[in-house]
Amino acid sequence: MSLMNNRSIYLDYNATTPCAKEVVEAMLPFFSDSFGNAASPHEFGTDASAAVEKARDQVASAIGADASEIIFTSGATEANNLALLGLTRGNSKRKGIVSTSIEHKSVLEPLARLLDLGIEVYYLPVNRHGVVNPTDAEKIINEDTAVVTVQGANNEIGTLQPVTEIARIAHKKGALVHCDAVQLLGKVPVSVGDLHADLASFSAHKAYGPKGIGCLFLNRHARRTISPLIHGGSQESGLRPGTVNVPAIVGFGVACDLVKQKVGSDAKRLAEMRDLLESILTEKLSGVSLNGKEVSRLPGTTNISVPGVSAGVLISQVRGVCFSDGSACTSGAVSPSHVLLALELSREMARNTVRLSLGRYNTIDEVEIAAEKLVETIQKLTKKLSIT
Ligand code: PMP
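Heads up: the sequence shown runs through residues -3 to 384, numbered per the working numbering.
Below, the structure is given as structure tokens:
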């Protein structure tokens, strides 16, 4: 993870983060000593269920919610599916959905299934900086809109969306508001109240917690409408049946506690390191462009287009630095990122774009070394290009 242990420099924190040491320590007893099923009516069960409820408090507190509003899921993909498919199943009167063109696949794919079923889905465009205009939302949201779903921050370019403004518009028309808030947690302070969201999805592994655990926040208005997607026992108020993953939930809780303590200082450091990285790259390389830089964005995300150099080649040629093209979930796909195309980048430029995302355990030294390696490799690749 860092140079200290001779590993590559990790600049892909938007894809996933390492578990904090405190998270792993807190989880360990729940694999063996305190292994009970949280639904069991004896000491092992009550120990496990007390740990789950403590974690629910910790998660709720980190996002400004009440513990009763948290449903644990296997991650944000499931939380997004539960929100969108569950609300549509549960709402017999309103059928329309409004979203944006730059959502994560875990929002776009359930919406595509709903479209197949005859549900009307409208995708708001973004401007060339990657931000939705609330005026567009105002024109589209109407009395038939069941849900408006807008991400908090984009995973590829880091732009922050005007969720609060759009939520106010949606609420005036009586629609519920869902926010995929995955990329906000751990990077900037999050309050579901300030977002005015009725539902919001979170994932532990983006915020120094374990993989395979996340949650859906939902308030009482959303709870009245939503239906579960899977059926079984009464765990998680029947909205997400199945034996709960106690160690992962405990880890998520501790990760959220740490986020609460550290998010202010983490955000400041990330912005400083990101600015340093971007200043080295733009000073030493001509023709590169930074996507999303002109607007409010996450502190640790840099999205950079390098004319003539494909993301795949750059990733393989820069030795000892790990970063990604587009989002990790679409990496490997041949088509260029839908987010970059929505910014009206050409297909070629979208293919020549990489994401560098910083996190809590990066150091200034690492950023400087990574920037120099990128500069050196890009200069070499572009020189080769002008010779051939
Ligand atoms: N939404 C966004 C914006 C994401 O970045 C991700 C993870 N790439 C997800 C949803 C899915 O989260 P999970 O990995 O917990 O399913």
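Note that CB positions come from ideal geometry on N, CA and C, so glycine has one too. Given the structure is predicted, the values throughout are model-derived calculations rather than measurements.
query: I need the boundaries of the beta strand (DSSP E) containing N299, first residue and last residue.; result: T297 to S301
query: Could you check if M0 is buried or exposed, using at least 16 other CB atoms within 10 Å of its CB as the buried criterion?; result: Caution applies to M0, whose pLDDT of 47 falls short of 50 and renders its modelled position unreliable; the model cannot decide the point.
query: If I measure Cβ to Cβ from N138 and keep anything under 8 Å in the same chain, skipping five residues before and after, which residues do I get?; result: G92 and K169
query: Who are the near neighbours of G60 in its chain, counting only those whose CB is closer than 6 Å to its CB and skipping five residues on each side?; result: S187, V188 and G189
query: Report, in whole angstroms, the separation of the C-beta atoms of A72 and S102, which I expect to be a contact under 8 Å.; result: 6 Å
query: Curious, which full-length alpha helix (DSSP H) runs of at least 4 residues does the segment 135 to 174 contain?; result: 159 to 168
query: What span of residues does the beta strand (DSSP E) with S265 cover, start to end?; result: Residue identity check: residue 265 is Arg in the sequence provided, not Ser. Segment V242 to K280 is the alpha helix (DSSP H) holding R265; no beta strand (DSSP E) there.
query: Take every Cβ of the segment 62 to 79, pair it with every Cβ of the segment 169 to 179, and state whether three or more of those distances are shorter than 8 Å.; result: yes
query: I'd like to check one pair, V144 with A108: are the Cβ atoms closer than 8 Å?; result: no
query: Name the DSSP bridge partner or partners of T349?; result: S301
query: Counting along the chain, where does the beta strand (DSSP E) carrying F68 start and finish?; result: I66 to T69
query: I'd like to know whether the C-beta atoms of L120 and S97 end up nearer to each other than 8 Å.; result: yes
query: Cα separation between Q54 and S197?; result: 16 Å
query: Is G92 helix, strand or coil by DSSP?; result: strand
query: Less than 7 Å between the CB of N76 and some heavy atom of ligand 1, yes or no?; result: yes
query: Assuming H192 and A79 are in contact, meaning their beta carbons sit under 8 Å apart, how far apart are those beta carbons, in whole angstroms?; result: Actually they are not in contact, since the Cβ atoms of H192 and A79 sit about 15 Å apart, beyond 8 Å.
query: Judging by CA-CA distance, which residue of C252, L113, R216 and E161 is the nearest neighbour of G182?; result: C252
query: Do A51 and V309 have their C-beta atoms within less than 8 Å of each other?; result: no
query: What residue range is occupied by the uninterrupted alpha helix (DSSP H) comprising G82?; result: A72 to G86
query: Under 8 Å, Cβ to Cβ, is there at least one residue of chain C near Y9?; result: This model lacks chain C altogether; it includes just one protein chain.
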